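A quick write-up on the structure given underneath.
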Amino acid sequence: MLHACAPNIIYTNAISSLFPPIFEPPAPGEDPLIDNKGKGDKQSNQKQNDKKQKKKQAKQNNAKKAPAAADPNLPAICKLEFKVGKITKVWVHPDADKLYCEEIDCGEGGPRQIASGLRHHYSEEEMLGKRVLVVANLKAKNLVGFKSHGMVLCAAQANDDGSEKVEFVEPPEGAPLGEVVTFEGLPPPAPLSGSQVEKKKIFAACMDGMKTDDDCVGTWNGHKFMTTAGPCQGRTVKGGAMR
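What follows is the structure in structure tokens.
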């Protein structure tokens with residue numbers, strides 16, 4: 162037995178199949194008030210814009226990291242980096258008669274390993290704990306199988322018997338480890354890389370001007386090696402070549 166409304170239901174369903182509703186229910190996650198047509202294109206454009214922005218930011222970051230061009234008028238000594246250091250460990254090089262191997266604290270978070278030809282001038286006990294100046298931007302060198310990351314700065318003087326007296330050019334006690342030496346009357350140092358120092362022979366170019374004065378103070382062409390605590394100097398060598 163059919164209910165009286167059954168024909169109406171069939172008729173309505175037939176109309177619905179011929180004329181689908183103008184408003185379609187939104188897909189899960191879509192806003193029913195926003196037209197989602199072209200949504201994929203908008204997302205694609207946004208991704209492309211994000212990529213462009215990232216590339217632009219990367220270029221800006223690289224530009225910030227690029228080293229400034231060296232001042233051609235900067236004195237050669239200002240292209241070197243002399244750091245205050247302290248010898249924390251020393252031992253005899255096993256394969257070289259003249260060399261000590263050292264670990265030197267230059268305030269860099271870890272010690273530098275440096276080899277020095279000082280066995281004829283200092284005992285191990287005299288070396289240990291010594292405050293020194295380290296030439297810090299030299300290219301690392303293998304010295305009889307030991308990789309040396311810099312050198313310690315000394316002053317030398319010939320003795321009457323033909324031998325040589327060599328002693329450290331020492332920073333004052335109050336100078337903090339890692340401090341970079343400045344030069345009285347000259348611009349602040351702008352150290353070059355180790356490769357540039359080697360290629361341009363910067364250290365060799367400075368050697369003629371590096372001498373201790375009559376007070377044993379280290380100088381370059383008369384400009385004193387300075388720290389915030391005062392000048393750097395030897396103990397007894399006057400007018401001695403620094404190397």
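If you read the sequence shown in my numbering, its first letter stands for residue 162, the second for the next number, and so on. Even glycine gets a Cβ: it sits at the ideal position worked out from N, Cα and C. Note that the structure is predicted; figures quoted are calculated from it, not measured.
Pull up the distance between the alpha-carbon of residue i and that of residue j, whole angstroms please.
i, j, result
"residue 309", "residue 301", "6 Å"
"residue 278", "residue 261", "6 Å"
"residue 358", "residue 239", "11 Å"
"residue 165", "residue 207", "Any reading at residue 165 needs caution, since the residue's pLDDT is 47, under 50, leaving its predicted position unreliable; the model's value is listed next. In a straight line, the C-alpha of residue 165 is about 58 Å away from that of residue 207."
"residue 317", "residue 395", "10 Å"
"residue 372", "residue 280", "22 Å"
"residue 292", "residue 334", "8 Å"
"residue 235", "residue 339", "23 Å"
"residue 382", "residue 252", "35 Å"
"residue 331", "residue 303", "25 Å"
"residue 356", "residue 288", "29 Å"
"residue 380", "residue 324", "24 Å"
"residue 226", "residue 294", "Any answer about residue 226 is weak, because its pLDDT of 45 lies below 50 and its placement is not dependable; what the coordinates show is given next. If you take the alpha carbons of residue 226 and residue 294, they lie about 28 Å apart."
"residue 400", "residue 274", "29 Å"
"residue 319", "residue 374", "15 Å"
"residue 276", "residue 290", "16 Å"
"residue 286", "residue 328", "15 Å"
"residue 369", "residue 255", "33 Å"
"residue 284", "residue 322", "21 Å"
"residue 360", "residue 307", "22 Å"
"residue 212", "residue 353", "35 Å"
"residue 313", "residue 362", "18 Å"
"residue 348", "residue 232", "11 Å"
If I follow the unbroken beta strand (DSSP E) through residue i, where does it start and stop?
i, result
"residue 295", "292 to 296"
"residue 264", "261 to 266"
"residue 354", "That residue, residue 354, is in no beta strand (DSSP E); it is neither H nor E in DSSP."
"residue 275", "273 to 277"
Under the rule that 16 or more other beta-carbon atoms within 10 Å means buried, what is residue i, buried or exposed?
i, result
"residue 150", "Summary: the structure shown does not reach residue 150, with the chain confined to residues 162 through 404, and so no result is reported for it."
"residue 298", "buried"
"residue 403", "buried"
"residue 242", "buried"
"residue 244", "buried"
"residue 392", "buried"
"residue 194", "Its pLDDT being 49, under 50, residue 194 is placed unreliably in this model, and the value from its coordinates should be taken loosely. It counts as exposed."
"residue 268", "exposed"
"residue 346", "exposed"
"residue 311", "buried"
"residue 173", "With a pLDDT of 47 at residue 173, under the threshold of 50, the predicted position of this residue should be treated as unreliable, though the coordinate-derived value follows. With fewer than 16 other Cβ atoms within 10 Å, it is exposed."
List the residues that DSSP assigns as beta-bridge partners of residue i.
i, result
"residue 304", "307"
"residue 380", "372, 385"
"residue 394", "331, 378"
"residue 415", "This structure does not reach residue 415, given that the chain is present from 162 up to 404, and the question cannot be answered."
"residue 313", "295"
"residue 341", "244"
"residue 402", "317, 372"
If the criterion is Cβ atoms closer than 8 Å, does the pair residue i and residue j meet it?
i, j, result
"residue 296", "residue 386", "no"
"residue 398", "residue 367", "no"
"residue 336", "residue 389", "yes"
"residue 344", "residue 384", "yes"
"residue 237", "residue 305", "no"
"residue 263", "residue 247", "no"
Would the beta-carbon of residue i be found less than 7 Å away from any heavy atom of the ligand NAP?
i, result
"residue 348", "The model depicted lacks the ligand NAP and carries no ligand whatsoever."
Determine the extent of the alpha helix (DSSP H) in which residue i is found, giving its start and end residues.
i, result
"residue 253", "Looking at the DSSP string, residue 253 is not in any alpha helix (DSSP H); the run it does join, the beta strand (DSSP E), is 243 to 253."
"residue 287", "285 to 288"
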